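Residue numbers (this note's numbering), protein chains in the order written: chain A, 1 to 335; chain F, 1001 to 1335. We put the CB at the ideal spot given by N, CA and C, even for glycine. In this text, all values refer to a predicted model and were calculated from it rather than measured experimentally. Read the structure below first, then the notes.
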């Protein structure tokens, strides 16, 4: 018998999630059945969508997220003891997985990709769901061409920092928006962004006009809100917007969304295309992204950064810290 | 020598256009040169984009719009005397046209299509630019499937009323928003909309939820603003939005646009696609639309309605009346 702990979300969050919205539940895991295996969690991801989906599902529920775990016992020949798996089992230290029960994307289970010597934890970031999000969400929806100007918001985050680096690799001019001068420094000096702008202190419209005097061709949107309106209103004819997230409003009720300047005149007169997506639509192709991203990292063309919090008991802190923008790159927890 | 009159826009409009923003200029037309021909205007179109473009070009300028005219003298063998032409020469009673000088879409000149006995004036509406706008903007961008639910705003207008009828022809369920109970009656009783809603008096979100309990698949947007936000927030997964216009904001300054509830959460979580367009992108294919629309009208499947104002001197009144929503269907002026 194995004693397992997991975080259960008890409530619909009101604004910023509170520690009291969670309960850590301890349970004895039952013996394995056919096709099942027992895993011990090593790395857990915290991401903005954990906040967003809370409005859309009924509590209580086990806090989901991607995680990396080691198979310790197995009644499934595809996942023998010693295998490492990526799953969506979330904030737990031990759990039982039955890959045959996958009914939708959120039941995803797959063997850790061959990371060619890179840290396993990257399978939660650049070589995981966020990397696939950046890769497909940017390349498939924005369809960037060399020399085009690309804007990324949430540029210092897990997805944004990868999008900006892919855009540079593809020969684009890249402008990133982030929430502190230190992040701006990192984006410009370490990641090679052509320009980064602190949206909290800059006159955003003016700063963007200066950074992109010929307008913007592609916009990868992680944040939504007024910042998005300002950027969309500076897009060139036939500009493309990939909407990945709307973190600026995730703490708001869905029926009391904030207001921002309308963008329809820009959409019409500049003939813009705006598309939202969830990365599950490319699930069958994630490995394409992983293969290419691993090569870029090994060649030094991409520098994935991780923001690591230690300890199962610090998951909540890591989560709300990420929501507050404390992370540089991918926020993860080492169990 | 022919004496011609034309409306010249002297100013950037401030809010609703004023009569004093226009000057009627009289001029003697010079003798024809090679390739030129002289026309006498018979029908003139007034459209929302006449207001919108005023913010984007420098005054003074001749008030452009589509018009139908009769060739009275010609030094161009392609346009002999007696030919009727559709051009973008706008609010004038006589003018000289040189089709060789076409440098962009707004210099468009073409021979009146064969209307199979229908009124010539339809070449400014259902069988003209607005018809092509409805046809391509809806079919190419929304890509509607039978039994899908389609919402149209500005549903009683020149483009919206055609979009709704095309959607019915394609087997969709059609819900229209318009600005009066009389328009609602017309859309439901005469045009066969499944439901029409007076956005000025209804609780829009509630009325739409009742009319479309299974959600909305396609949205053809003529108006923008908060109404669009409400509708987009009721779109189904993989819903499509075609943005044709933003008339709710055309009287506002482009640098002081109104605010509306954000739509990014809906875009992401419902994976929506929103695209703005100008009908010039399908200019080479307009005749496809005209051929099909003429057939629909002759078969009784489509009922184009015209809102006719008489007299060259009433152009301004027809224009501002249309902007105020007085028209049912296509607003045109008989010279």
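Report task. Kindly say whether residue 1277(F), judged by its beta-carbon, lies nearer than 8 Å to any beta-carbon of chain A. Result -> yes
Report task. Would you give the residue range spanned by the beta strand (DSSP E) that residue 235(A) belongs to? Result -> 235–243
Query - Chain-ordered chain F contacts of residue 29(A) [CB-CB under 8 Å] - result: Within 8 Å Cβ-Cβ: nothing; residue 29(A) doesn't reach chain F, min ~33 Å.
Requested in this report: Starting from the beta carbon of residue 1221(F), find every residue of chain A whose beta carbon is closer than 8 Å, and list them in chain order.
Outcome: 264
Query raised in the report: Who are the neighbours of residue 1048(F) on chain A, taking C-beta pairs under 8 Å?
Result: Near residue 1048(F) there are no residues of chain A at all, since even the closest Cβ is about 10 Å away, more than 8 Å.
Query raised in the report: Secondary structure at residue 45(A), three-state DSSP: helix, strand or coil?
Result: strand
Query raised in the report: Are residue 1243(F) and residue 1221(F) touching if we call contact CB-CB under 8 Å?
Result: yes
Query raised in the report: Quick one: what's got a C-beta closer than 6 Å to residue 1076(F)'s C-beta in the same chain, skipping five residues either side?
Result: 1035 and 1037
Query raised in the report: Where are the beta strand (DSSP E) runs, 3 residues long or more, that stay fully inside the segment 66–140 of chain A, in chain order?
Result: 67–74, 84–87, 94–97 and 109–111
Query raised in the report: Where does residue 261(A) fall in DSSP's three states?
Result: strand
**Report entry** Three-pair Cβ contact test at 8 Å for the segment 304–311 of chain A versus the segment 142–154 of chain A
**Finding:** no
Report task. Quick one: give me the first and last residue of the alpha helix (DSSP H) that residue 29(A) is part of. Result -> Counting along the chain, residue 29(A) falls outside any alpha helix (DSSP H), though it belongs to the beta strand (DSSP E) covering 22–29.
Query raised in the report: Is DSSP giving residue 1206(F) helix, strand or coil here?
Result: helix
Query raised in the report: Rounded to a whole number of angstroms, what is the C-alpha to C-alpha distance between residue 119(A) and residue 297(A)?
Result: 11 Å
Query - Continuous beta strand (DSSP E) assignments of at least 3 residues falling wholly in the segment 1280–1329 of chain F - result: 1306–1310
Query - Classification of residue 240(A) by the beta-carbon crowding that lies within 10 angstroms, buried from 16 upward - result: buried
Query raised in the report: Helix, strand or coil: which one does DSSP assign to residue 198(A)?
Result: strand
Query - Proximal chain F residues relative to residue 301(A), where beta-carbon distance stays under 8 Å - result: In chain order: nothing, as chain F lies at least about 28 Å away.
Query - Under 8 Å by beta carbon: chain F residues contacting residue 249(A) - result: 1262, 1264 and 1265
Query raised in the report: What is the C-beta distance between residue 276(A) and residue 1271(F), in whole angstroms, given that I count them as a contact (C-beta under 8 Å)?
Result: 5 Å
Query raised in the report: When the Cα atoms are used, what is the spatial distance from residue 245(A) to residue 1169(F)?
Result: 37 Å
Report task. Tell me where the alpha helix (DSSP H) around residue 216(A) begins and ends. Result -> First-last for residue 216(A): 216–221, but that is the beta strand (DSSP E), not the alpha helix (DSSP H).
**Report entry** Short CB-CB distance (under 8 Å) between residue 1273(F) and chain A
**Finding:** yes
Query raised in the report: Smallest Cα separation from residue 1096(F): which of 1105(F), 1081(F) and 1181(F)?
Result: 1081(F)
Requested in this report: Answer with buried or exposed for residue 22(A), where buried requires no fewer than 16 other C-beta atoms within 10 angstroms of its C-beta.
Outcome: buried
Requested in this report: Return the CA-CA distance between residue 174(A) and residue 302(A), expressed in angstroms with no decimal places.
Outcome: 14 Å
Query raised in the report: Straight-line CA distance for residue 1280(F) to residue 66(A)?
Result: 47 Å
**Report entry** Cβ-based burial, residue 51(A) [other Cβ within 10 Å; buried from 16]
**Finding:** buried
**Report entry** residue 1152(F) versus residue 1227(F): straight-line alpha-carbon distance, rounded
**Finding:** 11 Å
**Report entry** Euclidean distance between Cα positions of residue 207(A) and residue 237(A)
**Finding:** 20 Å
Requested in this report: Quick one: measure Cβ to Cβ for residue 258(A) and residue 1262(F), integer angstroms, because I've assumed they're closer than 8 Å.
Outcome: 6 Å
**Report entry** Own chain residues within Cβ distance below 7 Å of residue 1325(F), not counting five before or after
**Finding:** 1179
Query - Residue from 1045(F), 1026(F) and 1016(F) with nearest C-alpha to residue 1331(F) - result: 1045(F)
Query raised in the report: Could you check where the beta strand (DSSP E) with residue 1174(F) kicks off and where it finishes?
Result: 1173–1178
Requested in this report: Determine the DSSP secondary structure at residue 1193(F), reduced to helix, strand or coil.
Outcome: coil
Query raised in the report: Do residue 112(A) and residue 86(A) have their C-beta atoms closer together than 8 Å?
Result: yes
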